[in-house]
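Numbering (the UniProt record's numbering), first residue to last: 1 to 316.
For glycine and all other residues, C-beta sits at the position ideal for the given N, C-alpha and C.
Report on one structure; see the data block that follows.
Below is the structure:
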């Protein structure tokens with residue numbers, strides 16, 4: 001035990017209770033036995049004496065040396081534990097103020113879950129009740145609802161409208177269910193996709209175009225909406241032939257034009273290790289000791305060239 005007295009005290013009592021050695025901490029020292037004492041009284045005294053001895057040994061063994069030396073000598077385990085607890089007295093006013101501040105200012109951030117948030121605030125209220133601070137369940141329910149974000153505003157309104165009071169367990173079940181519903185609705189709306197068909201829906205009219213609203217003086221014929229295949233729009237538009245359904249590097253007309261054009265007049269090479277090179281070319285060399293063309297150390301990743309890039313690779 002160092003400075004964590006509350007945790008040490010709780011662990012000590014649990015361990016001694018499991019070992020059935022906590023008798024000396026629960027009852028006072030019985031009267032000393034005499035020659036006139038009964039057999040039952042003698043057995044009870046011996047049981048308490050053994051429990052007292054083992055409790056003292058376990059407590060002193062699990063304590064820090066500094067704290068152990070600051071406790072006056074005592075042969076009674078119950079009195080010894082009381083003397084230790086006096087070394088860790090907490091000022092009630094400061095602790096009450098801290099718990100009250102946490103209870104009234106804590107808000108739900110949405111990271112842990114609303115059930116854990118309710119349990120955390122309930123724990124603060126229970127600690128205040130142990131300090132003789134009266135916190136009714138109705139006030140605690142109201143505090144918890146007020147600590148929730150605006151997504152629970154409908155739930156807060158329902159609570160204010162309902163005549164009866166919600167219990168703590170009932171309120172917990174309601175807010176947990178509300179959070180699950182919001183998560184499901186958020187997941188479903190994330191996959192919702194809407195399409196604008198204004199371009200494909202066109203009407204063809206005969207006669208005067210001013211009568212397209214159905215007025216007399218002109219006839220119109222509604223043709224069925226003509227939609228293009230979705231894959232054509234998704235593939236993009238070619239900047240060479242201005243047609244949809246493919247890109248420039250996949251355009252047959254562009255490839256035919258490249259073949260007719262022939263070898264370009266000027267080429268640019270970067271970090272090449274060739275000996276015989278074309279005369280109509282520019283060369284860029286970084287004077288590196290290891291060229292990236294014959295070593296993979298300079299590359300973070302590699303991939304196959306696309307169809308539009310193969311023409312450049314053939315000249316290098």
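Are residue i and residue j touching if we call contact CB-CB under 8 Å?
i	j	result
residue 112	residue 147	no
residue 51	residue 23	yes
residue 78	residue 25	yes
residue 29	residue 48	yes
residue 144	residue 118	yes
residue 176	residue 155	no
residue 171	residue 151	no
residue 57	residue 80	no
Per DSSP, which one or two residues make a beta bridge with residue i?
i	result
residue 244	237
For residue i, which option in the options has the closest C-alpha, if you only look at C-alpha atoms?
i	options	result
residue 120	131, 141 and 132	141
residue 139	247, 166 and 132	166
residue 129	143, 237, 99 and 85	99
residue 54	13, 72 and 256	13
residue 94	180, 244, 131 and 116	131
residue 84	5, 115 and 137	5
residue 82	258, 59 and 261	59
residue 169	101, 10 and 122	122
residue 96	133, 40 and 66	133
residue 76	43, 39 and 27	27
With a threshold of 6 Å on Cβ separation, who are the neighbours of residue i within its own chain once the five nearest residues in sequence on each side are excluded?
i	result
residue 189	The predicted model places residue 189 with a pLDDT of 48, which falls under 50 and marks its position as unreliable; any figure quoted below should be read in that light. Correct list: empty, nothing qualifies.
residue 45	30 and 33
residue 179	114
residue 127	99
residue 228	In this prediction, residue 228 scores a pLDDT of 49, lower than 50, which makes its location untrustworthy; the coordinate-derived value is nonetheless stated afterwards. Answer for residue 228: no residue qualifies.
residue 17	none
residue 74	80
residue 303	none
residue 42	33
residue 137	168
Starting from the C-beta of residue i, find all residues in its chain whose C-beta is less than 8 Å away, skip the five residues before and the five after it, and write them out in chain order.
i	result
residue 110	149
residue 198	With a pLDDT of only 48 at residue 198, under 50, the local geometry of the prediction cannot be trusted, and the value read off the model is given with reservation. Same-chain partners within the cutoff: there are none.
residue 108	114, 117, 147, 148 and 149
residue 153	none
residue 70	87
residue 213	Note that residue 213 has pLDDT 49, beneath the 50 cutoff, so the model's placement of it is unreliable and no number is given.
residue 39	none
residue 191	Per-residue confidence for residue 191 stands at a pLDDT of 48, beneath the threshold of 50, marking its modelled position as unreliable; no derived number is given.
residue 68	60
residue 10	none
residue 157	none
In chain order, what residues of the same chain have a beta carbon less than 7 Å from the beta carbon of residue i, not counting five sequence neighbours either side?
i	result
residue 240	248, 251, 253 and 254
residue 125	103, 135 and 140
residue 72	83
residue 224	Reliability fails at residue 224, whose pLDDT of 49 lies under 50, so the model's placement of it is uncertain and no value is given.
residue 238	246, 247, 248 and 251
residue 159	145 and 166
Check whether the Cβ of residue i lies closer than 8 Å to any Cβ atom in chain C.
i	result
residue 129	Of the protein chains in this structure there is only one, and it is not chain C.
Just list the alpha helix (DSSP H) runs in the region 92-138, keeping only unbroken ones of 4 residues or longer that don't cross its boundaries, in chain order. 92-105 and 114-130
Report the start-end ranges of each beta strand (DSSP E) in the region 33-76 that is 3 residues or longer and not cut off at the edges. none
Please specify which runs of the alpha helix (DSSP H), each continuous and at least 4 residues long, are wholly inside the region 136-182, giving them in chain order. 137-146 and 153-161
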